[in-house]
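To start, the structure itself, in structure tokens.
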Amino acid sequence: MKKTFLIIFFAGLLVSTAGCKKDLLDQSNPNTLTTDQFWRTEADAQKGVNAIYHMFYQNGGFNRWIYFRLDLTSDEGFSKSPWVELADWTRFQYVNYNFWEGNVNTYRDFYKAIFRCNQVLENVPNIQFDQTRKTQLIAQAKFLRGFYYYYAAVLWENFPIVTTTQRPEDMPKQSTLAEVWALVEKDLTEASSGLPEQWTGNDLGRATKGAAQAMLGRALMQQKKWAQAKTALDYLVTGTGRNFYDLVNYQDNFRAENENNKESVFEIQFSDVNKNAEGDNPNSNMGSNRSQFFAPRSIGWSDGQARNWIVAEFKKEKTTDGQIDPRLQHTLFYPGSETDFGVKTYGRSWQWDADEAWFKKYSRDYMRSNEDYFNQINNRVIRYADVLLMYAEVQNELGQTADAYTYVNRVRARAKMAPLATAYPAIGNDQALFRERLKTERLLELCGESVRWADLKRWGDLDTQAGVNRVAERDPDFRNFVVGKSIRLPLPQIEVENNTNLRQNPGY
Amino acid sequence: MSKTLPFQRRFWRPGKRLFPGGKTVLTLLILWLGISAAVHAQNQRVTGTVADAKGEAVPGVTVKIKNTNRVTTTDGSGRFSIDVPDLQVTLVFSSIGYAEQEQALGGRTSITLTLQSDEQALEEVVVVGYGTQLKKDLTGAVSVVRAQDVKKRQSTTVSESLQGLASGIKVRGGGQPGSEAQIQIRGLKNLSGTNPLYVIDGLVTNAGRDFNPADIESIQILKDASAAAIYGSRAANGVIIITTRKGKEGPLQVEFSGKSSIQTIPRYDLAGTEEFSRINFMAYDNAGANRQNLDLTVNTDWQDVAFRTGNVQDHNITFSGGSNTGNYLVSAGYFGNKGAVISTGFDRLSFRVNTQGKKGIFTIGQNLAITNAKADEMSGNPIIDVIRMLPTIPVYNAANPGGYGYGDEQRARTFGTNPLAIADLEDRSLENLRLRGNIFGELQILKSLKYRLNLGYETSRDHYKYLKKDGFWTLNQAFDPAIANENRAESATKLIENTLTFTENFGKHSINVIAGQSYQQDSYAQIWGTKRNLLPNPSGGYYDVLDQGNEGLTGGFRNRTDIISYFGRAEYNYADKYLINGVFRRDGVSRFGPEYKFGNFPSVSAAWRISNEEFFKVKWLNDLKLRASYGTLGSSNIGPYDYIPLINTFSTIVLGPGQNVQPGATQVKLANSDLRWEELVQQNYGFDAAFLDSKLTVSAEYFIAKTKDVLLEYPLLISTGNDGGNPRVNGVTLGNRGFEVTAGYANNDNPLKYNVTANFTTLRNKVLDLGYNKNKTYVGNTVTEVGQPIGMWYVLQTDGLFQNQAEVDNYRNAQGTVIQPGAKPGDIRFRDNNGDGQITNSDKVVVGSPWPKYELGLNFGLSYKNFEFSMDWFGSFGSTVFNGPRSVIERFDDNSNYPAGIQPWTPQNPNTTTPRAYYASTLNSRGDTDRWLENGSFARMKYVAISYNLPADFVKRAGFSRAQISVSGQNLITITKYTGLDPEFSNGSIFEKGYDFGAFPNLRTVSVGLQFGF
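So the protein sequences, as listed, match chains A and B. Mapping of the first sequence onto my numbering: residues -12 to 495, in sequence order. Mapping of the second sequence onto my numbering: residues 226 to 1239, in sequence order.
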């Protein structure tokens, strides 16, 4: 009897388990959305576009390392970092092309941003919703893609173009600088036509038509396409866009207060709300690390600092009321600032070497005595003063030097500097002299705002050994500069090795 | 007898003293079992030893007085004692694998018996998955590791103790308290996690640090496809089958083993302040930099700060017994390890109950293990920190937040971490409670047909805790407040398994067939939380619960994998001459997409016992069997949802005047939705032979394995924009060919008995095809190319130092270009391999292989009367490895400590291989050169021990039936040219296996052990 019972018991178990259902094998991910579930609604499209802006908060780009490339590599800045390799990468001593902080992180984050742009550009057109809003979203993705390719063109030049979402096995072809510029122009032109002139409320900070036109102007100027550049910038200076822009208090461009003001053409929105590491994790940092890395020794990492020659440059010309150029105290921490302006450095009197200086813009010296990784001050990537000086440069290059004075004067006037013709009557309509003066004007107005490297390239100052030697007088790091090679970064070695379509940049 | 319940009989025990031994044991026993016992009058005691034909002690032999119920078993040394009513009875000795023997006492009180191998069993029974086979009938490659060889070593995990005990097994790791070793069976067969499959009492699981090795009865390692195919889709990396101990027929046996060890960590020979400052000043002077203001009054030995003498306590007690209808075993263990690095430790408490009972055709049994394991984890990497910190930095510095000394911009520019500071300011611990068990029932439906149901369940509750206190441990550290982070997780495995076994003999034919079906579900879920700005506790420390503090964050996730399997095995044996074995398994797993869920894994193998043929009767050859096998195995060692592309929803942004937070979402990581099984196809050819009265045994194997569609995280191009790790892909085809020999010789003819076993493994891996149709993949300093082994060293070649300016000027290529125009005397000369007149990445060449050419294990045993001596050696030869720590201490561009006695080039001291000291230039210290490559060969005495069995009468007087004391040592002797801490290092990088990133070294351990039983 017991035996029978046992047999029945086992038989029952056997039957119940042997019939395992195959649908047990269909386990879906309980943790997050799949790509199949996404790209279906307007909200999805909006989130997809927002995720591109989020790339501003990651290390390779405007959260941290790009300032080493744009500010420290130029003759405005340099590095005394005890992290030798980090410093080597600001002085053209590129040994390991796979150096993460110097090269690969930025290269990777650019492609991460481009991947996000491409996802929007491929998926959003297929979602049904309001056409105007759809156009604006697509235009923002185009703006941002053009934005990243612009900087890729400035840094690596022959940066492989990727305009579709990649499969894991895809190997893009080698691209030339001209091809990259062509893509930048196309993306920014298309972006401009779809972007609104202004955003309001909680959309303030998104790319506008003016931002697209200004970026396009920059891209065209780098290619010396002066006439087209003028057309692009006309919108902001003489066209309908001019009503949206003006110059504001100089220091309001570098502080957490008065953000997105009338001078702002395109501004990266930073916040200190999340005090966590950067990345794609929950509540990751939306602030900037720049000031933590650029703050003076014993306040921040002090991995980057300004060249002291700039101080003298500021002091060459007094204001109309005989004072030191007021922009100096907002641009640099330097040994004489307490004497000159009664301004201390993070509340300290000068305790660093007499020949040193540090970048002050976007620092929080005015509100606290230390720094951290969560700087909330927006980075004004393009401000109107820059646009005016660009416009002046374009006019000068087009032989319209006389017309160019107005715009330079407008920028100078805010700093209480006399009109250019008054201060430097010798320039007159001499294109070359005017160009040389503009170089100084741009330095005094824009120092530490990450435009100098592109400026040096555009001006051709690095194209000849003689030019490089002149730059090296201001910044001895340029003694390492090899004409024809150091003008662009090496592509990451790992990428050249693993993508058989690629050639390393010349000389590397 | 059959009416006697096992539980009644286990208390019956001959002997005047009921429970000899310590009072604690007695109390424990009473508590444990709540017993009372009958005392049986005794007349005479008979003692003896039982050995096998090789003279090795046979433990666990049942000794029974014929026609009575009185039974005992032999101990670990083959000894027994039994009380007999008179000296004319006959004793019956039986043990699996041996022929039963009867011995009439004929007045003797002492018996020495040699058991002869069973006609049917040349050797022991081997567990081969869902059943057993006689070892002599094996047709595939299976290694059997004796449990006592594993247990004699002081190790935290089973895998750590397997090294050198079987051919084809490579083990790396250990050292840190609670760390788990990496184990590789027959080479690197895929690139995603090469740990083999562990099967413990039928449950597919892993034998991590919370599994007590003392509970092991036997270990079988299934190495080839025919053996492992029964585990199909999960068997590609080999299978390690662990059977835990069972009670043996006989009265209650109590066994205690205790081991106490001390551990020391190998050390670097580093400069002190005088030497350091001299060279540091030289480096600054050469670079034209202002010398640092080093504090020459300080001379800190950072190794004294970070390292200490560790110790291990490992104690186990086992109670077991049984009858012919049932058995039981209860064991408890404690393992405590104070690490050889400050602020590290590991504790394990384990408890096990295994029982089994039988009535008629019905058998039921269970195994249950409960373990609690807690590791106090290491913060930072002290192995690197001790070389990064300068001797001129004081341990404590009240001026720094937290009070510890570290780098300083003016006085000691280094970003090294103060190991004491980080150990004190960061606390990390991981604790888990694991329950692992199974319950099975068997029904002998017919004499030849058996049904078995096995239900397995395993769960672990994990708790990770992290606390960061206020304070700094390195120069320029960004400020963080006190932070607490905790996570709690639970994992569970459920298994239902049905098997039918059919066994029948028809004359010379014998057949064994197993068919079965199983369903397994694995799940894991975790929640975590973190808080910043913890509330300080005025009495010291912090309130480190998540209630306190602010800026809280939480998160969590859960995973589940389901596997449905059908399997079968058929064995056919004709006259013990011809053996054929076929296995088939079909697995379905939820980890793959709809079209790729199921995979089939067949294998066949055959053996020919040539020595049983009439034409092959040779006197000196006792056994010769030829084997061959062919089969397919799988691997799906990937995440549960890897084939599904996901959207990351954490890309928030701020916009607008109020910096309003807005959500973002996008795909970050790419996925390959067509993921499928990785397939290993393996051929194995081998023979087993025994010579000279089976004193000499030899087994040899040759295998050819090919792994297709390897599932790996193949590095993608950066231009894909992928982040969050490389997606899995069926990317690579790898080949492995290897040759393994094991030879043993035992001589027990004299009182001085000895045995030697040597195993030899050689193996070569080769990439047959690379992912995404590529020919090469570069990772770090390595290149992996089709036709070559994985991860060959690919670096610039150095060619000595420039001795003078003329050498620099004359170092030109064919066109006359000066190759290193910037070099100065004392700088490294690099080879311009492509002849283009400059040193660039295109001058890199393949210079060596990280893979050893062969590996050797040597086990040696000797016994004389009560003494036993044993020694295990392991050697690995022919690899080239990268000494990472040396690349830190022998550079001068950045401040780290220097090795003692380093001789940088100077004009006065040109006879050196070390370039000139030069601060802040990477040109001489670049990491991608052959300067740091070294010969990785080594031979190491893994284990040496001497033990003494206390004399029987002495032991008896103390109330025990056996007692042994032993002294042993591990890793005491290492012969190598490698200059790092340990040539036997491991790392987690597949493509850079030979890179010593500053791995935690194997420790030197000296142990004292005591074992006794009654």
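Every residue gets a Cβ at the ideal spot worked out from N, C-alpha and C, and that includes glycine.
Looking only at its chain, what residues have a beta carbon closer than 7 Å to the beta carbon of residue i, apart from the 5 residues adjacent to it on each side?
i, result
"residue 421(B)", "408, 410, 462, 463, 464, 465"
"residue 506(B)", "516"
Pick out whichever of the options has its Cα sitting closest to the Cα of residue i.
i, options, result
"residue 371(A)", "71(A), 233(A), 405(A), 68(A)", "233(A)"
"residue 968(B)", "1001(B), 934(B), 915(B)", "915(B)"
"residue 577(B)", "369(B), 932(B), 555(B)", "555(B)"
"residue 892(B)", "906(B), 869(B), 907(B), 883(B)", "869(B)"
"residue 342(A)", "196(A), 461(A), 34(A), 214(A)", "461(A)"
"residue 141(A)", "378(A), 335(A), 207(A), 38(A)", "207(A)"
"residue 434(A)", "241(A), 304(A), 338(A), 246(A)", "241(A)"
"residue 551(B)", "589(B), 537(B), 541(B)", "589(B)"
Express the C-alpha separation of residue j and residue i in angstroms, rounding to a whole number.
i, j, result
"residue 229(A)", "residue 222(A)", "7 Å"
"residue 320(B)", "residue 483(B)", "28 Å"
"residue 569(B)", "residue 656(B)", "13 Å"
"residue 295(B)", "residue 335(B)", "17 Å"
"residue 1138(B)", "residue 354(A)", "54 Å"
"residue 829(B)", "residue 730(B)", "21 Å"
"residue 678(B)", "residue 444(B)", "23 Å"
"residue 431(B)", "residue 676(B)", "26 Å"
"residue 894(B)", "residue 267(A)", "10 Å"
"residue 885(B)", "residue 1056(B)", "58 Å"
"residue 258(B)", "residue 784(B)", "Below a pLDDT of 50, predicted positions are generally treated as unreliable, and residue 258(B), at 37, falls in that range; no measurement from the model is reported."
Would DSSP call residue i helix, strand or coil?
i, result
"residue 1013(B)", "coil"
"residue 675(B)", "strand"
"residue 466(A)", "helix"
"residue 293(B)", "coil"
"residue 218(A)", "helix"
"residue 839(B)", "helix"
"residue 573(B)", "strand"
"residue 202(A)", "helix"
"residue 730(B)", "strand"
"residue 25(A)", "coil"
Would you say residue i touches the ligand MN, meaning its beta carbon is less than 6 Å from a heavy atom?
i, result
"residue 311(B)", "What this structure holds is no ligand at all, so the ligand MN is not there to describe."
Quick one: residues in its chain with C-beta nearer than 6 Å to the C-beta of residue i, no 5 flanking neighbours on either side, listed in chain order?
i, result
"residue 1172(B)", "1093, 1189, 1191"
"residue 746(B)", "719, 787"
"residue 738(B)", "727, 795"
"residue 921(B)", "970"
"residue 122(A)", "181"
Which residues in the same chain have their Cβ closer than 8 Å to the Cβ of residue i, if we skip the five residues on either side of it in sequence?
i, result
"residue 711(B)", "688, 689, 690, 691, 753, 754, 755, 771"
"residue 276(B)", "282, 283, 303, 337, 338, 339, 340, 973"
- Against chain B: residues of the stretch 274 to 294 of chain A by CB proximity under 8 Å: 279, 284, 285, 287, 288, 289
- Task: For the stretch 1135 to 1156 of chain B, enumerate the residues whose C-beta is nearer than 8 Å to any C-beta of chain A, in chain order.
- Result: 1145, 1146, 1147, 1148, 1151, 1152, 1153
- Mind checking the stretch 892 to 915 of chain B against chain A and listing, in chain order, the residues whose C-beta falls within less than 7 Å of any C-beta there? 892, 893, 895, 897
- Closer than 7 Å, Cβ to any Cβ of chain B: which residues of the stretch 307 to 334 of chain A, in chain order? Cβ contacts with chain B come from no residue of the stretch 307 to 334 of chain A.
- Identify each residue in the stretch 154 to 178 of chain A for which the Cβ-Cβ distance to at least one residue of chain B is less than 8 Å, and report them in chain order. 154, 155, 156, 157, 158, 159
- Near-chain A residues of the stretch 590 to 610 of chain B (beta-carbon distance less than 9 Å), N- to C-terminal order: none
- Cβ-based contacts, 9 Å cut-off: residues of the stretch 200 to 230 of chain A near chain B: none
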